Amino acid sequence: MKIHEYQAKQLLKKFNVPIPQGGVATDPHEAYQIAEALGGMTYVVKAQIHAGGRGKGGGVKVAADLNEVRQLAEAILGMTLVTHQTGPEGRVVKKVLVEQALDIKQELYLGIVIDRAQARPVIMMSAAGGMEIEEVAARTPELIVKEAIDPAVGLMPYQTRNLAFGVGLDGALIRTASNFITNLYQMFMAYDCSLVEINPLVVTNGGQLLALDAKVNFDDNALYRHKDLIELEDPNEIDPLELEAKKHNLNYIRLDGTVGAMVNGAGLAMATMDLIKLAGAEPANFLDVGGGASADMITNGFRIILGDPRVKAILINIFGGILRCDVLAQGVLEAVKQVQVQVPIIIRLEGTRCEIGRDLLKDSGLDFTVASDMLDAAHKVAALA
Amino acid sequence: MSVLVNNDTRLVVQGITGKEGSFHTRQCVEYGTNVVAGVTPGKGGQHMDDIPVFNTVKQAVAQAGANTAMIFVPPAFAADAILEAAEAGIKVIVCITEGIPTLDMVKVARYLEGTDIRLIGPNCPGIISPGQAKVGIMPGQIHQPGPIGVVSRSGTLTYEAVYQLTLQDLGQSTCVGIGGDPIIGTNFIDMLRLFQADPQTSGVVLIGEIGGTAEEEAAAFIKAEVNKPVVAFIAGQTAPPGKRMGHAGAIISGGSGKAADKIAALEAAGITVVRNIGELGAICKKVMGT
Numbered sequence: 000m001k002i003h004e005y006q007a008k009q010l011l012k013k014f015n016v017p018i019p020q021g022g023v024a025t026d027p028h029e030a031y032q033i034a035e036a037l038g039g040m041t042y043v044v045k046a047q048i049h050a051g052g053r054g055k056g057g058g059v060k061v062a063a064d065l066n067e068v069r070q071l072a073e074a075i076l077g078m079t080l081v082t083h084q085t086g087p088e089g090r091v092v093k094k095v096l097v098e099q100a101l102d103i104k105q106e107l108y109l110g111i112v113i114d115r116a117q118a119r120p121v122i123m124m125s126a127a128g129g130m131e132i133e134e135v136a137a138r139t140p141e142l143i144v145k146e147a148i149d150p151a152v153g154l155m156p157y158q159t160r161n162l163a164f165g166v167g168l169d170g171a172l173i174r175t176a177s178n179f180i181t182n183l184y185q186m187f188m189a190y191d192c193s194l195v196e197i198n199p200l201v202v203t204n205g206g207q208l209l210a211l212d213a214k215v216n217f218d219d220n221a222l223y224r225h226k227d228l229i230e231l232e233d234p235n236e237i238d239p240l241e242l243e244a245k246k247h248n249l250n251y252i253r254l255d256g257t258v259g260a261m262v263n264g265a266g267l268a269m270a271t272m273d274l275i276k277l278a279g280a281e282p283a284n285f286l287d288v289g290g291g292a293s294a295d296m297i298t299n300g301f302r303i304i305l306g307d308p309r310v311k312a313i314l315i316n317i318f319g320g321i322l323r324c325d326v327l328a329q330g331v332l333e334a335v336k337q338v339q340v341q342v343p344i345i346i347r348l349e350g351t352r353c354e355i356g357r358d359l360l361k362d363s364g365l366d367f368t369v370a371s372d373m374l375d376a377a378h379k380v381a382a383l384a
Numbered sequence: 000m001s002v003l004v005n006n007d008t009r010l011v012v013q014g015i016t017g018k019e020g021s022f023h024t025r026q027c028v029e030y031g032t033n034v035v036a037g038v039t040p041g042k043g044g045q046h047m048d049d050i051p052v053f054n055t056v057k058q059a060v061a062q063a064g065a066n067t068a069m070i071f072v073p074p075a076f077a078a079d080a081i082l083e084a085a086e087a088g089i090k091v092i093v094c095i096t097e098g099i100p101t102l103d104m105v106k107v108a109r110y111l112e113g114t115d116i117r118l119i120g121p122n123c124p125g126i127i128s129p130g131q132a133k134v135g136i137m138p139g140q141i142h143q144p145g146p147i148g149v150v151s152r153s154g155t156l157t158y159e160a161v162y163q164l165t166l167q168d169l170g171q172s173t174c175v176g177i178g179g180d181p182i183i184g185t186n187f188i189d190m191l192r193l194f195q196a197d198p199q200t201s202g203v204v205l206i207g208e209i210g211g212t213a214e215e216e217a218a219a220f221i222k223a224e225v226n227k228p229v230v231a232f233i234a235g236q237t238a239p240p241g242k243r244m245g246h247a248g249a250i251i252s253g254g255s256g257k258a259a260d261k262i263a264a265l266e267a268a269g270i271t272v273v274r275n276i277g278e279l280g281a282i283c284k285k286v287m288g289t
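Residue numbers (numbering that gives the first Met the number 0), protein chains in the order written: chain A, 0 to 384; chain B, 0 to 289.
Here you go:
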């Protein structure tokens, strides 16, 4: 699960990780009032959407006075912000974060992730703040310092020193940075985060360290033990069809193509998307109806796939294992009658009792194209889409 | 021969009285697996069909001689179940449960580090040595005993691959679904090492997917240590970055985990990579058929 920058910063604050002063606004007047309460000279107005590259897209602006805060908020709120992470359709900005501008001396990078190969949390720092860490890793890997945390003992103070000295900090900043890292790591563990990124982490001329930006993602599997986080999810940031699918416990991801796909199992669903592409068409979605796809799941799957008006054909690819193909075929028939599917359906059934399943479909009087194997299925779909 | 599970497997099922646990236990028994015990805390002394149920894995080991565990308990209790089995002396632990928090698995992985305990999964279909033992949720009847080892991060995609192999009359020594989570107990390299050492196995099918760098690491290992033929397939060539494709571990993040990079690494190591899953069986026949 992802959250907004302003929400992430509230969590940081709770764990005593320093953030710039500010507040979130939904209208220009509110933005003005927040800035007024902050005092100071200059301000930053930041669009709140779940995507990186907001600055380059025109969603982050500096205001020289209170009136400019109001003007910028007016311009940014309601704008469709397009960044390299939003896709061409962009996102409509509904909230802005108004903060005091800082007197920045240096920008650093600080990130915490789970390293899959080591099966441990890893803290990364780089002196190249503001740049994407992937870019730094590709161009100047020597600028990145890393510490893997042994879960049996937790983060040790020497590791925070290795990081702080490693990015060239010195003097009183070492202790400041150690505290910053330790507190951030505690938040990562306490909330089952999957990613925390402070980019940039800024050093001010006054010798402070602050999280100028904050990106926090949570492990979906652990949300059951963090009920307080669930209300932070912003439904505006999720594709409405993906939201609907989630309600029915379906794994659905919307893509840009025209061939809807309904498959049992995530790996097979990905392989089916790939096959559609190889056959010369484009997949409209990823949809995993689960290893034991029931008639209910299939009905909901049809509704969600057809919620996307771009879909011109549907490919159902089911590998019947313990769940028999004849039972599945009956489920598909019920679902098709109930949902009244108007686009051509190609169906490929394989596995246990697949012949009986295929016959059921052929004899149903409904308009199915039954494919003999995956290759055949893809070609038939591509011809229709 | 075969690896990890065979005719000597004496299985204890943790969570045997639950819906999934009891259903799949019966399927395993039907396949011929020697299921010697079940564990459900508080239900010790009962039976599931003819299988004695114990309160703890420790009792199941002491009284029924279990040496392998299959876990069906809900995600919140799964890490506990894995450690309970490990502490009771079980050497092969197969965790089917999907949805375990990653930080729970960080602790489990740390506990198992340096031990001779083999954890398969979590979030996996399990392991089968055709004709001998099935410890998992895969459909037994699509398998056939033979010389091919199969290792995969997926469930139904593995069945698809196995089915195509069987249709080509290429039987399997052992098929393992290692799981779709970011942190898993057994990785490709662990399985490749076992298959390389197994005299029954003459070739390996490796099925990977987007996310992480396990396939790249496997490619390097194969080049250095495996002289048996390997055929690979990578799912998710059309997956968009930043989206979790069903499996918790199947996500392209920060420019790493892309299918194209995995395919390139495998091909650079001299491994045959199948682009079209529909052709997997036929290509294996060509590469590994006798």
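Where is the CB? At the ideal position from N, CA and C, for every residue including glycine. Model, not experiment: these values are computed from the prediction.
Cβ-based neighbour list, residue i, same chain, cut-off 7 angstroms, excluding 5 preceding and 5 following
i: Leu265(B); result: Glu214, Ala218, Ala231 and Val272
i: Leu205(B); result: Val150, Phe187, Ala217, Val229 and Ala231
i: Gly88(B); result: Val60
i: Asp238(A); result: Arg253
Per-residue contacts from residue i into chain A (C-beta, under 9 angstroms)
i: Ser153(B); result: Gly264, Ala265, Gly266, Leu267, Met269 and Ala270
i: Arg109(B); result: Ala118, Arg119, Asp149, Pro150 and Ala151
i: Met69(B); result: In chain order: nothing, as chain A lies at least about 15 angstroms away.
Chain-ordered neighbours of residue i on chain A, where CB pairs are closer than 7 angstroms
i: Ile141(B); result: Gly350
i: Arg192(B); result: By Cβ distance, chain A contributes nothing, its closest Cβ being about 16 angstroms from Arg192(B), past 7 angstroms.
i: Arg274(B); result: Leu277
Within-9 angstroms CB hit, residue i to chain E
i: Gly52(A); result: No chain E is part of this structure, whose protein chains are labelled A and B.
Burial state of residue i, where buried means 16 or more other Cβ atoms lie within 10 Å
i: Val150(B); result: buried
i: Lys336(A); result: exposed
i: Met244(B); result: buried
i: His142(B); result: buried
i: His46(B); result: exposed
i: Glu86(B); result: exposed
i: Val105(B); result: buried
i: Lys245(A); result: exposed
i: His3(A); result: buried
i: Gly42(A); result: Here residue 42(A) is Tyr; the residue named in the question, Gly, does not match the sequence. The residue in question, Tyr42(A), is buried, as its Cβ has 16 or more Cβ neighbours within 10 Å.
i: Tyr251(A); result: buried
Cut-off 6 angstroms between Cβ atoms - residues of its own chain near residue i, not counting five sequence neighbours on either side
i: Thr85(A); result: Ala50
i: His23(B); result: Ile136
i: Met190(B); result: Val150 and Val175
i: Gly306(A); result: Leu240
i: Tyr184(A); result: Leu154
i: Val28(B); result: Val34
Same chain only: Cβ atoms within 8 angstroms of residue i, ignoring 5 sequence neighbours per side
i: Val121(A); result: Ile111, Val112, Ile113, Asp114, Lys145, Glu146, Ala147 and Ile148
i: Leu242(A); result: Pro234
Contacts of residue i in chain B (Cβ-Cβ under 7 angstroms)
i: Asn398(A); result: Lying outside 0 to 384, the shown extent of chain A, residue 398(A) is not represented and no answer is given.
i: Asn220(A); result: Pro74, Gly98, Ile99, Pro100, Thr101 and Ala247
i: Tyr157(A); result: Chain B residues near Tyr157(A): none, gap ~19 angstroms exceeds 7 angstroms.
i: Tyr108(A); result: The contacting residues do not exist; Tyr108(A) stays about 12 angstroms from chain B at best.
i: Val14(A); result: One point to set straight first is that residue 14(A) is Phe, not Val, in the sequence displayed. Going along chain B, no residue has its Cβ under 7 angstroms from Phe14(A), so there is no contact; the nearest lies around 16 angstroms.
i: Tyr223(A); result: Ala75
Contacts of residue i in chain B (Cβ-Cβ under 9 angstroms)
i: Lys276(A); result: Gln236 and Thr237
i: Ala116(A); result: Asn186, Gly211, Thr212, Ala213 and Glu216
Contacts of residue i in chain B (Cβ-Cβ under 8 angstroms)
i: Tyr184(A); result: Under the 8 angstroms cutoff, chain B gives no residues; its nearest Cβ is about 12 angstroms from Tyr184(A).
i: Leu142(A); result: Within chain B, no residue comes near Leu142(A); the closest Cβ sits about 16 angstroms away, beyond 8 angstroms.
8 angstroms Cβ cut-off: residues of chain A touching residue i
i: Gly179(B); result: Ala265 and Gly266
i: Lys285(B); result: The contacting residues do not exist; Lys285(B) stays about 16 angstroms from chain A at best.
i: Val105(B); result: Ile113, Ala118, Arg119, Pro120 and Pro150
heavy atom of the ligand SAH below 8 angstroms from residue i C-beta
i: Asp79(B); result: Questions concerning the ligand SAH fall outside what the structure shown contains, since it holds no ligand whatsoever.
- Message: Check whether the stretch 276–287 of chain A and the stretch 316–333 of chain A are in contact - that is, three or more C-beta pairs closer than 8 angstroms.
- Response: The answer is no - the stretch 316–333 of chain A does not touch the stretch 276–287 of chain A, with fewer than three Cβ pairs under 8 angstroms.
- Item | Stretch pair the stretch 220–231 of chain A + the stretch 128–142 of chain A: three plus CB contacts closer than 8 angstroms | Because the criterion of three Cβ pairs below 8 angstroms is not met, the stretch 220–231 of chain A and the stretch 128–142 of chain A do not touch.
- Message: Does the stretch 65–74 of chain A come into contact with the stretch 22–30 of chain A, if we say contact requires no fewer than three beta-carbon pairs (one atom in each stretch) closer than 8 angstroms?
- Response: By the Cβ criterion, the stretch 65–74 of chain A is in contact with the stretch 22–30 of chain A, since at least three pairs of Cβ atoms, one from each stretch, lie closer than 8 angstroms.
- May I ask you to list, following chain order, the residues of the stretch 349–382 of chain A that have a beta carbon less than 9 angstroms from some beta carbon of chain B? Within the stretch 349–382 of chain A, contact with chain B at the beta-carbon level (separation under 9 angstroms) is assigned to Glu349, Gly350, Thr351, Asp372, Met373, Leu374, Asp375, Ala376 and Ala377.
- Task: Say whether the stretch 13–24 of chain A touches the stretch 92–111 of chain A, bearing in mind that this needs 3 or more beta-carbon pairs closer than 8 angstroms, one atom from each stretch.
- Result: At 8 angstroms Cβ cutoff, the stretches touch.
- Message: Could you check whether the stretch 53–64 of chain B touches the stretch 116–135 of chain B, counting it as contact only if at least three pairs of C-beta atoms, one from each stretch, sit closer than 8 angstroms?
- Response: Touching, no, given that fewer than three Cβ pairs across the two stretches are closer than 8 angstroms.
- Message: Taking contact to mean 3 or more Cβ pairs, one atom from each stretch, closer than 8 angstroms, check whether the stretch 277–287 of chain B and the stretch 235–249 of chain B are in contact.
- Response: Judged by pairs of C-beta atoms under 8 angstroms, the stretch 277–287 of chain B does not touch the stretch 235–249 of chain B, as fewer than three such pairs exist.
- Message: If contact is defined by three or more beta carbon pairs under 8 angstroms, each pair taking one atom from either stretch, is the stretch 1–15 of chain A in contact with the stretch 204–213 of chain A?
- Response: Yes, since at least three Cβ pairs between the stretch 204–213 of chain A and the stretch 1–15 of chain A fall closer than 8 angstroms, the two stretches touch.
- Task: Mind the definition here: the stretch 2–14 of chain B touches the stretch 348–368 of chain A only if three or more C-beta pairs lie below 8 angstroms; say whether that holds.
- Result: With a cut-off of 8 angstroms, the stretch 348–368 of chain A and the stretch 2–14 of chain B do not count as touching, because too few Cβ pairs lie within range.
- Going along the chain, which residues of the stretch 110–128 of chain B sit with their C-beta nearer than 7 angstroms to a C-beta in chain A? Per Cβ criterion, the list is empty.
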